[in-house]
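Each residue of the sequence shown is one higher than the last, beginning at 8 in our numbering. The next block holds one structure in the form of structure tokens; read it before the comments.
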Amino acid sequence: MLSKVITLVGGVAGAASFSQFPEFSQQYIQRMGGAVDELSRFVAEFDADATELGLSREAALVDLAAGGDMGRARAETVAGTITRQARLEADLRALEGAGPFTRAYEMRRFSDSEIATRAWEAYKPAVPLSFEGGMFAGAGFLGGVGLIGGLMGLLRRIFRRRVSV
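Have a look at this one:
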């Protein structure tokens, strides 16, 4: 009896957790869009400065790095920012307009820890009343029941063997 209650609690916890994904992923994408806009502006300004000096982006980074320790550190920072902007822009293109099931399939694109942290800090869990929320809740319930039920079955098997030995 206790194992059934624990399994049910696991299912409810899974449902509550998974049902939050559609809205959280939407907030993550909105924050990603803001980050891409700001990073794109920065990269465009850097490229404009380089073009004004007759340099390509790569040549401008080399030139910046040749400017002593500070220049070298700044060149590494700018190169990292350019790389992050390109990665986030590609992720945003893949996720924009995607429904929650496609976003779940593309989970690897939710990889920016800074954006995820800020989205989580602002996120307010709620009871989803949408079809997508219900589907994710159902999947979470089944996953929770399966996981806890499997663990409880494994524990029962282990303790039965010890008692019979």
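Positions of the beta carbon are idealized from the N, C-alpha and C atoms, including for glycine. The model shown is predicted, which means the values in this text are computed figures rather than measured ones.
Non-local C-beta neighbours of E59 in its own chain, meaning closer than 8 Å and more than five positions away in sequence, are absent. A105 is positioned such that its CB atom lies closer than 8 Å to that of E113. The residues Q92, E96, in chain order, have a CB closer than 8 Å to that of S47 in the same chain once the five nearest residues on each side in sequence are set aside. Rounded to the nearest whole angstrom, the C-alpha separation of G21 and G156 is 12 Å. Assignment of beta strand (DSSP E) within the stretch 35 to 62, counting only whole runs of 3 or more residues, yields no such run. One alpha carbon belongs to D54, the other to A101, and they sit about 25 Å apart.
A144 and T109 have their C-alpha atoms spaced approximately 16 Å apart. If you ignore the 5 residues before and after E83, its C-beta comes within less than 8 Å of the C-beta of A72, all in its own chain and listed in chain order.
For Q92, the three-state secondary structure derived from DSSP is helix. The C-beta distance from A42 to I165 rounds to 48 Å, too long to meet the 8 Å contact threshold.
Non-local C-beta neighbours of T14 in its own chain, meaning closer than 7 Å and more than five positions away in sequence, comprise V152, I155, G156, M159, ordered along the chain. Between G147 and S26, the gap from beta carbon to beta carbon is short of 8 Å. Within the model, the alpha-carbon separation for E128 versus F28 is close to 15 Å. Distance from S32 to F117 at the Cβ level is roughly 7 Å; contact confirmed, criterion being Cβ atoms closer than 8 Å. Annotation: G140 to V69 spans about 49 Å, alpha carbon to alpha carbon.
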